[in-house]
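Asker:
There are 2 protein chains.
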Amino acid sequence: MPISEYDGTVARSSTTSDVFNAVAEARRREILDTLIAGEKAVGTIVNDLSLSQPQVSKHLRVLSEVGLVRCRPEGRRRLYRLEPARLGPLHEWLAKYEQTWNERLDRMDDYLKELQEQGEQQ
Amino acid sequence: MPISEYDGTVARSSTTSDVFNAVAEARRREILDTLIAGEKAVGTIVNDLSLSQPQVSKHLRVLSEVGLVRCRPEGRRRLYRLEPARLGPLHEWLAKYEQTWNERLDRMDDYLKELQEQGEQQ
DNA sequence: CCATCATATTCCGATATCGGCATGTGTCAA
DNA sequence: TTGACACATGCCGATATCGGAATATGATGG
Numbered sequence: 120m121p122i123s124e125y126d127g128t129v130a131r132s133s134t135t136s137d138v139f140n141a142v143a144e145a146r147r148r149e150i151l152d153t154l155i156a157g158e159k160a161v162g163t164i165v166n167d168l169s170l171s172q173p174q175v176s177k178h179l180r181v182l183s184e185v186g187l188v189r190c191r192p193e194g195r196r197r198l199y200r201l202e203p204a205r206l207g208p209l210h211e212w213l214a215k216y217e218q219t220w221n222e223r224l225d226r227m228d229d230y231l232k233e234l235q236e237q238g239e240q241q
Numbered sequence: 120m121p122i123s124e125y126d127g128t129v130a131r132s133s134t135t136s137d138v139f140n141a142v143a144e145a146r147r148r149e150i151l152d153t154l155i156a157g158e159k160a161v162g163t164i165v166n167d168l169s170l171s172q173p174q175v176s177k178h179l180r181v182l183s184e185v186g187l188v189r190c191r192p193e194g195r196r197r198l199y200r201l202e203p204a205r206l207g208p209l210h211e212w213l214a215k216y217e218q219t220w221n222e223r224l225d226r227m228d229d230y231l232k233e234l235q236e237q238g239e240q241q
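So the sequences go chain by chain: W and R.
Counting from 120, one number per residue, gives the positions in the first sequence under the numbering used here.
Counting from 120, one number per residue, gives the positions in the second sequence under the numbering used here.
1. Using a Cβ-Cβ distance under 8 Å, would K159 of chain R count as near chain W?
2. Can I150 of chain R and T219 of chain W be called in contact, C-beta distance under 8 Å?
3. Taking a cut of 8 Å between CB atoms, which residues from the segment 199–213 of chain W lie near chain R?
4. Name the residue from R:Y216, R:L182 and R:L198 whose alpha carbon lies nearest to the alpha carbon of L206 of chain R.
5. Does any CB atom of chain R fall closer than 8 Å to the CB of I155 of chain W?
6. Whole angstroms is fine: what's the gap from A214 of chain R's alpha carbon to D137 of chain R's?
7. What does V165 of chain W reach in chain R if we use C-beta pairs closer than 9 Å?
8. Against chain W, which members of the segment 167–194 of chain R pass a CB distance test of less than 9 Å?
9. Can you tell which of R:G194, R:R180, R:P192 and R:R196 has its C-alpha closest to the C-alpha of V142 of chain R?
10. Would you say R146 of chain W faces chain R, with C-beta separation under 8 Å as the test?
11. Go ahead and pull the three-state DSSP assignment for A160 of chain W.
12. Going straight from the alpha carbon of E193 of chain W to that of A145 of chain W, what length do you get?
13. If you follow the alpha helix (DSSP H) that V185 of chain W is part of, which residue opens it and which one closes it?
14. Any chance the CB of G207 of chain W is under 7 Å from a heavy atom of the ligand PLP?
15. Between I122 of chain R and chain W, is the shortest Cβ-Cβ distance under 8 Å, so that the two count as touching?
16. Whole angstroms are fine: how far does the CA of F139 of chain R sit from the CA of C190 of chain W?
17. Taking the straight line between their C-alpha atoms, what separation do you get for H178 of chain W and K177 of chain R?
18. E211 of chain W and G186 of chain W: beta carbons closer than 8 Å?
Put into structure tokens, the structure is as follows:
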């Protein structure tokens with residue numbers, strides 16, 4: 120008799136721990152958006168976005184864990200600010216597609232340039 | 120007595136239905152990545168990424184639903200191709216942060232241009 | 001030291017999500 | 001028409017995730 124039978128199921132890996140998933144939640148994006156204006160206290164975010172305080176704290180925690188925001192205590196408040204550099208992975212991933220994205224436009228551009236050069240030669 | 124008591128819980132909205140969440144899954148990103156090379160059949164993706172066939176089909180379904188890929192039947196196979204334009208929302212959202220991101224570099228750039236123009240004037 | 005304000009954390013139920021497995025559907029070839 | 005191939009779908013269990021409510025922590029002012 121084996122010590123343990125085969126389970127047949129697979130453990131899901133935690134997903135909240137990377138930038139892509141952190142940003143996948145609409146509320147978290149809203150929080151990031153509101154932080155573009157600058158450093159804000161939790162209470163300010165709660166008011167601006169009409170979310171519950173625990174909700175905001177939890178989302179800020181997720182954002183902190185992936186480094187998208189940083190915290191600075193000021194008196195009894197905590198000011199959160201954006202760390203936009205951490206969007207790097209997203210940006211880099213997306214960059215691969217922008218080339219594909221623009222390929223048609225690029226080809227069109229090349230074609231137009233070709234026409235133009237021919238015109239100049241004649 | 121009320122017809123129904125208050126539940127106290129809140130229904131979660133489906134998340135897989137927007138581009139951000141579609142792209143949040145690592146496997147789905149891999150699938151998209153492998154499609155940059157061009158149109159591929161499901162079986163090809165299965166081989167290239169060493170995933171199970173149903174897994175790939177399901178992920179392709181999610182990607183289809185948000186328009187990130189499109190399907191074309193060819194014989195008994197189905198060829199999927201990228202629809203990079205659908206990454207627009209992601210790109211636009213990110214664009215807001217690249218400005219913040221590059222602010223320092225931009226200021227540096229402005230400073231250099233200023234120096235250069237002064238040099239040309241003299 | 002105590003009351004209060006600001007925020008974080010914990011507990012909970014409902015639901016979404018993922019992967020494996022089995023099966024359905026559709027197309028081709030003999 | 002039948003069988004094989006390519007893919008899609010349905011069902012399942014385990015787990016992740018979200019929001020609400022209550023509570024814990026921590027700083028401040030009197």
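From the three backbone atoms N, C-alpha and C, an ideal C-beta is built for every residue, glycine too.
Answerer: Concretely, from the data shown:
1. no
2. no
3. L201, P203, A204, L206, L209, H210, W212 and L213
4. R:L182
5. Chain R contact via Cβ: present.
6. 18 Å
7. Those within 9 Å of V165 of chain W in chain R number zero; the least Cβ separation is about 17 Å.
8. none
9. R:R180
10. no
11. strand
12. 28 Å
13. From DSSP, V185 of chain W is part of no alpha helix (DSSP H); its letter is neither H nor E.
14. The ligand PLP is absent from the structure shown, which contains no ligand whatsoever.
15. Only weak support exists for where I122 of chain R lies, its pLDDT of 42 falling under 50; the coordinates are left without a value.
16. 25 Å
17. 29 Å
18. Their beta carbons are not under 8 Å apart, which means E211 of chain W does not touch G186 of chain W by this criterion.
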